[in-house]
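Input: a single structure, listed below in structure tokens.
Protein chains: 2
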Amino acid sequence: MSLFSIFTDNKQRFLTGIILIAVVAAIGLINNFFVIWLFFGIVYMFSFYEAMRLFKIENNQMYAYAAGLWLLALIYPNPDDLFFLIAVVFASLLAYTREFDKKLFLPFLYPTASFLFLLTLYNDFGIDSLIWLVVVVALTDIGAFFVGKMAGKRQFCVTSPNKTIEGVAGGVVIATFAGFFTGSMLVDWPQALLISFGVSVASIFGDLFESYLKREAGVKDSGNILPGHGGMLDRVDGYLFSGIVMVLLLRGLL
Amino acid sequence: MSLFSIFTDNKQRFLTGIILIAVVAAIGLINNFFVIWLFFGIVYMFSFYEAMRLFKIENNQMYAYAAGLWLLALIYPNPDDLFFLIAVVFASLLAYTREFDKKLFLPFLYPTASFLFLLTLYNDFGIDSLIWLVVVVALTDIGAFFVGKMAGKRQFCVTSPNKTIEGVAGGVVIATFAGFFTGSMLVDWPQALLISFGVSVASIFGDLFESYLKREAGVKDSGNILPGHGGMLDRVDGYLFSGIVMVLLLRGLL
Chain A
118 MSLFSIFTDN
128 KQRFLTGIIL
138 IAVVAAIGLI
148 NNFFVIWLFF
158 GIVYMFSFYE
168 AMRLFKIENN
178 QMYAYAAGLW
188 LLALIYPNPD
198 DLFFLIAVVF
208 ASLLAYTREF
218 DKKLFLPFLY
228 PTASFLFLLT
238 LYNDFGIDSL
248 IWLVVVVALT
258 DIGAFFVGKM
268 AGKRQFCVTS
278 PNKTIEGVAG
288 GVVIATFAGF
298 FTGSMLVDWP
308 QALLISFGVS
318 VASIFGDLFE
328 SYLKREAGVK
338 DSGNILPGHG
348 GMLDRVDGYL
358 FSGIVMVLLL
368 RGLL
Chain B
118 MSLFSIFTDN
128 KQRFLTGIIL
138 IAVVAAIGLI
148 NNFFVIWLFF
158 GIVYMFSFYE
168 AMRLFKIENN
178 QMYAYAAGLW
188 LLALIYPNPD
198 DLFFLIAVVF
208 ASLLAYTREF
218 DKKLFLPFLY
228 PTASFLFLLT
238 LYNDFGIDSL
248 IWLVVVVALT
258 DIGAFFVGKM
268 AGKRQFCVTS
278 PNKTIEGVAG
288 GVVIATFAGF
298 FTGSMLVDWP
308 QALLISFGVS
318 VASIFGDLFE
328 SYLKREAGVK
338 DSGNILPGHG
348 GMLDRVDGYL
358 FSGIVMVLLL
368 RGLL
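If you read the protein sequences in the order shown, they are chains A and B.
Reminder that position 191 of the first sequence reads as 308 in our numbering, one-by-one numbering, no gaps.
Reminder that position 247 of the second sequence reads as 364 in our numbering, one-by-one numbering, no gaps.
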């Protein structure tokens with residue numbers, strides 16, 4: 118397959134990809150809390166919608182709760198705490214009514230908690246930390262793909278049949294090195310190394326977890342919002358665990 | 118029933134209560150992070166054990182995870198974040214093995230997250246905030262009992278048949294006033310009022326949630342560790358939601 122045919126066969130995928138990169142780059146350059154909040158909020162609402170479908174939940178009230186939570190995150194100083202507000206309200210309703218569907222809590226565990234952490238990451242550590250995150254997650258994904266194509270032999274795990282141990286290891290090594298150089302501009306090198314490694318590994322498992330949910334739901338893509346890329350969750354899955362891990366490591370190691 | 122017979126009939130309950138008050142008072146006077154961590158850790162492990170039984174989970178590995186998490190909370194600057202560490206590791210194992218029992222996550226939602234918040238409360242806001250919490254939760258409980266005995270007519274909720282709307286309202290009013298005076302020594306009065314009210318309401322629902330769990334499990338007491346008081350969870354249930362709410366309100370309003 119020539120380079121040209123890779124492009125023509127995946128034209129839609131490439132075009133969508135270029136638009137996504139342009140949008141993310143523009144938002145990074147604007148570097149404003151409200152814009153970041155709005156952007157993450159839009160991505161969050163689509164992801165929440167897809168997660169509701171993966172969990173086979175039909176309850177339109179949940180969207181109002183999700184939107185309300187995100188509005189609160191605009192003014193609350195520590196957005197990641199708001200997950201526990203939902204948890205307490207949910208458990209209280211459950212205890213009071215005794216007939217609340219427990220499954221309704223799932224979309225607040227995933228992907229809600231992750232988006233609250235992504236906002237917290239920007240809030241507490243600035244745009245540089247988000248760029249560092251994007252570098253590590255993107256290179257883990259790209260590295261795993263190419264190393265897997267070239268040297269992949271043994272399957273990594275049944276949940277994601279296309280992933281190989283060699284690919285995953287290659288992706289983590291490449292992303293850790295690239296992340297190390299990016300992170301060294303912001304923090305001391307031992308932290309830069311450790312955080313890049315942790316974030317890269319978390320991104321592999323974030324990806325795997327979304328595959329697991331799709332497999333449980335018996336679907337191929339989480340949705341079809343992004344032409345050629347499937348759903349929103351398919352695109353952001355790598356960030357959903359790694360954003361949490363990055364905040365945890367930055368707080369613990371700095 | 119004379120006052121004397123109330124005492125003799127509940128002798129064991131009174132004696133245990135006095136010992137508990139003495140232990141809590143001594144720990145408050147010592148006011149040392151390690152001692153608080155150790156005390157909460159012991160209460161946590163018993164509560165975790167009882168929660169495992171309420172959820173009908175038999176897996177001894179979970180105790181090692183709980184203890185490891187608590188050890189990490191000794192050195193991690195923001196203990197409440199550690200809940201998400203467990204969540205990410207759990208979801209990763211679930212995706213990788215595909216045969217992990219999802220129920221095993223429940224004791225990390227309850228009561229683990231709450232104990233991490235109680236430690237965070239001491240960590241970030243000091244012993245005064247814990248004393249304020251104890252005043253509000255204890256008076257909500259005592260107030261609801263006496264007002265309920267005197268003026269209780271309508272049932273509050275089927276989950277806790279002994280609670281009345283009048284008792285609950287009375288308890289919240291009494292605790293909010295007492296908490297207002299305690300809190301005013303630490304923060305401005307509008308915050309003291311709002312936080313005391315929120316914490317008192319949360320304590321009612323924390324209590325209710327534990328009743329719900331026991332009802333679901335079909336047991337009367339969560340355990341029998343405290344003679345005359347039932348289990349550890351029966352004693353601390355009021356603190357499990359209110360500790361979270363107190364941290365959230367202090368962070369949001371100060």
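In this text, a Cβ means the ideal position worked out from N, Cα and C, and glycines have one as well.
The structure presented is a predicted model; accordingly, all values stated were derived computationally and were not measured.
TODO: Kindly indicate if chain A contains any beta-carbon less than 8 Å away from that of B/Y356.
DONE: Residue mapping note: residue 356 of chain B aligns to position 239 of the second sequence, counting from 1. For B/Y356, no CB of chain A lies under 8 Å from its own CB, so it is not counted at the interface with that chain.
Open item on the list: Tell me which residue opens and which closes the alpha helix (DSSP H) that A/P307 is part of.
Closed with: Within the first sequence, residue 307 of chain A is the residue found at index 190, counting from 1. W306 to A334 is the span of the alpha helix (DSSP H), which, as asked, contains A/P307.
Open item on the list: Quick test of the definition: if touching needs 3 or more C-beta pairs under 8 Å, does the segment 140-159 of chain A touch the segment 223-238 of chain A?
Closed with: Result yes; three or more Cβ-Cβ pairs closer than 8 Å.
- [ ] Count the other C-beta atoms from every protein chain shown that fall within 10 angstroms of the C-beta of A/V388, then say buried if there are 16 or more, exposed otherwise.
- [x] Because residue 388 of chain A is not part of the residues shown, which for chain A are 118 to 371, the question remains open.
TODO: Give the interface partners of A/F326 over in chain B, defined as CB-CB distance under 8 Å, in chain order.
DONE: Taking the first residue of the first sequence as 1, we reach residue 326 of chain A at position 209. Think of a sphere of 8 Å around the beta carbon of A/F326: the chain B residues whose beta carbon falls inside it are A208, S209, L211 and A212, in chain order.
Task: CB contact flag (A/S320, A/V264, <8 Å) - done: Your numbering for residue 320 of chain A matches position 203 in the first sequence. Your numbering for residue 264 of chain A matches position 147 in the first sequence. No. Outside cutoff.
Task: Residues near B/F105 in its chain [Cβ-Cβ closer than 8 Å; skip 5 each side] - done: As displayed, chain B neither begins before 118 nor continues past 371, which places residue 105 of chain B out of reach and without an answer.
- [ ] Look at B/G300 and B/S317 and say whether their C-beta atoms are less than 8 Å apart.
- [x] Counted from its first residue, the second sequence places residue 300 of chain B at position 183. Counted from its first residue, the second sequence places residue 317 of chain B at position 200. Contact flag unset, no.
TODO: Kindly list, in the order they appear in chain A, the residues whose Cβ is closer than 7 Å to that of B/P196.
DONE: Indexing the second sequence from 1 puts residue 196 of chain B at position 79. Near B/P196 there are no residues of chain A at all, since even the closest Cβ is about 11 Å away, more than 7 Å.
Open item on the list: Which residues does DSSP list as the beta-bridge partners of A/T281?
Closed with: What you label residue 281 of chain A is simply residue 164 of the first sequence in a count that begins at 1. In DSSP, A/T281 forms a bridge with A/Q272.
- [ ] Would you mind working out which of A/N195, A/G260 and A/M162 sits nearest B/R368, comparing C-alpha positions?
- [x] Against the second sequence, residue 368 of chain B aligns to sequence position 251. The option with the nearest alpha carbon to B/R368 is A/N195.
Open item on the list: Alpha carbons only, please: which of B/V364, B/M162, B/L188 and B/W306 is nearest the one belonging to B/V177?
Closed with: Counted from its first residue, the second sequence places residue 177 of chain B at position 60. Just to set this straight, residue 177 of chain B is Asn in the shown sequence, not Val. The shortest C-alpha separation from B/N177 is found at B/M162.
Open item on the list: Is A/F232 close to chain B? Criterion is C-beta to C-beta, closer than 8 Å.
Closed with: Stepping through the first sequence from its first residue, residue 232 of chain A is reached at position 115. With respect to chain B, the C-beta atom of A/F232 has no partner C-beta closer than 8 Å.
Task: Distance between beta carbons of B/I282 and B/F273, contact taken as under 8 Å - done: Translated into positions along the second sequence, residue 273 of chain B becomes position 156. Translated into positions along the second sequence, residue 282 of chain B becomes position 165. Sure, about 5 Å apart at Cβ, within 8 Å.
Open item on the list: For a cutoff of 8 Å on Cβ pairs, would you count A/L310 as touching chain B?
Closed with: Translated into the one-based positions of the first sequence, residue 310 of chain A becomes position 193. With a threshold of 8 Å between beta carbons, A/L310 makes no contact with chain B.
- [ ] Select from the segment 272-284 of chain B all residues with a C-beta closer than 7 Å to any C-beta belonging to chain A, and list them in chain order.
- [x] Answer in chain order: C274, V275 and T276.
- [ ] Output yes or no for whether 8 Å exceeds the beta carbon distance between A/D338 and A/G347.
- [x] One-based indexing of the first sequence puts residue 338 of chain A at position 221. One-based indexing of the first sequence puts residue 347 of chain A at position 230. Their beta carbons are under 8 Å apart, which means A/D338 touches A/G347 by this criterion.
- [ ] Pair every Cβ in the segment 198-206 of chain A with every Cβ in the segment 323-336 of chain A, then say whether three or more of these pairs are closer than 8 Å.
- [x] They do not touch, by the three-pair rule.
TODO: For B/T229, count neighbouring C-beta atoms within 10 Å of its own C-beta (all shown protein chains included) and say buried if the count is 16 or more, exposed if not.
DONE: Along the second sequence, one-based indexing puts residue 229 of chain B at 112. Its Cβ being crowded by 16 or more others within 10 Å, B/T229 is buried.
Open item on the list: I'd like to know if B/R352 contacts chain A, where contact means its C-beta is closer than 8 Å to some C-beta of that chain.
Closed with: As a working mapping, residue 352 of chain B is identified with position 235 in the second sequence. No, because no Cβ of chain A sits closer than 8 Å to the Cβ of B/R352.
Open item on the list: On the DSSP letters alone, give me the boundaries of the alpha helix (DSSP H) that A/G96 sits inside.
Closed with: Outside the displayed span of chain A (118 to 371) sits residue 96 of chain A, for which this structure offers no information.
Open item on the list: Distance check for B/L350 and B/L137, CA to CA, integer angstroms please.
Closed with: Here the question's residue 137 of chain B lines up with position 20 in the second sequence. Here the question's residue 350 of chain B lines up with position 233 in the second sequence. About 14 Å.
- [ ] Note down, in chain order, every chain A residue with its Cβ under 8 Å from the Cβ of B/V439.
- [x] No answer is possible for residue 439 of chain B: the residues shown for chain B start at 118 and end at 371.
Task: Residues that B/L202 contacts on chain A, provided the C-beta gap is smaller than 9 Å - done: Working through the second sequence from its first residue, we reach residue 202 of chain B at position 85. Correct list: I361, V362 and L365.
Task: CB-CB length for B/Y213 against B/A168, believed under 8 Å - done: For the purposes of this step, residue 213 of chain B is identified with residue 96 of the second sequence, where counting begins at 1. For the purposes of this step, residue 168 of chain B is identified with residue 51 of the second sequence, where counting begins at 1. In this structure B/Y213 does not touch B/A168 by the C-beta definition: roughly 26 Å separates them, more than the 8 Å allowed.
TODO: Measure how close the beta-carbons of B/R374 and A/Y329 come, nearest whole angstrom, since I'm counting them as under 8 Å.
DONE: Not covered by the structure: residue 374 of chain B. The range shown for chain B is 118 to 371.
TODO: Using a threshold of 8 Å, state whether the C-beta atoms of A/V304 and A/L371 are closer than that.
DONE: The residue labelled residue 304 of chain A in the question sits at position 187 within the first sequence. The residue labelled residue 371 of chain A in the question sits at position 254 within the first sequence. In this structure, the beta-carbon distance from A/V304 to A/L371 falls below 8 Å.
- [ ] Leaving aside the five residues before and after B/L171 along the sequence, list all residues of the same chain whose C-beta is less than 8 Å from its C-beta, in chain order.
- [x] Locating residue 171 of chain B in the second sequence gives position 54, where the first residue counts as 1. Correct list, in chain order: L330, K331, E333, A334, V336, S339 and L350.
Open item on the list: Alpha carbons only, please: which of B/P344, B/Y356, B/D197 and B/W249 is nearest the one belonging to B/L132?
Closed with: By one-based count along the second sequence, residue 132 of chain B stands at place 15. Residue B/P344 is the option with its Cα nearest to B/L132.
TODO: Given a cut-off of 8 Å, decide if A/K219 and A/L211 are closer than it, judged by their beta-carbon atoms.
DONE: Here the question's residue 211 of chain A lines up with position 94 in the first sequence. Here the question's residue 219 of chain A lines up with position 102 in the first sequence. Result yes, Cβ atoms of A/L211 and A/K219 sit closer than 8 Å.
Open item on the list: I'd like to know if B/G185 contacts chain A, where contact means its C-beta is closer than 8 Å to some C-beta of that chain.
Closed with: Here residue 185 of chain B is taken as the residue at index 68 of the second sequence, counted from 1. It does not; no Cβ of chain A falls within 8 Å.
- [ ] Closer than 7 Å by beta-carbon distance: list the chain A residues that pair up with B/Y193, in chain order.
- [x] The sequence position of residue 193 of chain B within the second sequence is 76, counting from 1. Counting only Cβ-Cβ distances below 7 Å, B/Y193 has contacts in chain A at G369, in chain order.
- [ ] Return the chain-ordered list of same chain residues with a C-beta closer than 6 Å to the C-beta of A/F225, the five sequence neighbours on each side being excluded.
- [x] On the first sequence, residue 225 of chain A is found 108 positions in, with the first residue counted as 1. I203, listed in sequence order.
Task: CB contact flag (A/A292, A/S313, <8 Å) - done: Mapped onto the first sequence, residue 292 of chain A falls at position 175. Mapped onto the first sequence, residue 313 of chain A falls at position 196. Annotated as proximal: A/A292 and A/S313, with beta-carbon spacing under 8 Å.
Task: CB contact flag (B/I259, B/G145, <8 Å) - done: Residue 259 of chain B sits at position 142 when you count from the first residue of the second sequence. Residue 145 of chain B sits at position 28 when you count from the first residue of the second sequence. It is not a contact, given that the beta carbons lie outside the stated cut-off.
Open item on the list: Any beta carbon from chain A within less than 8 Å of B/R170's own beta carbon?
Closed with: Walking along the second sequence from the start, residue 170 of chain B turns up at place 53. Chain A, which has no Cβ nearer than 8 Å to the Cβ of B/R170, makes this no.
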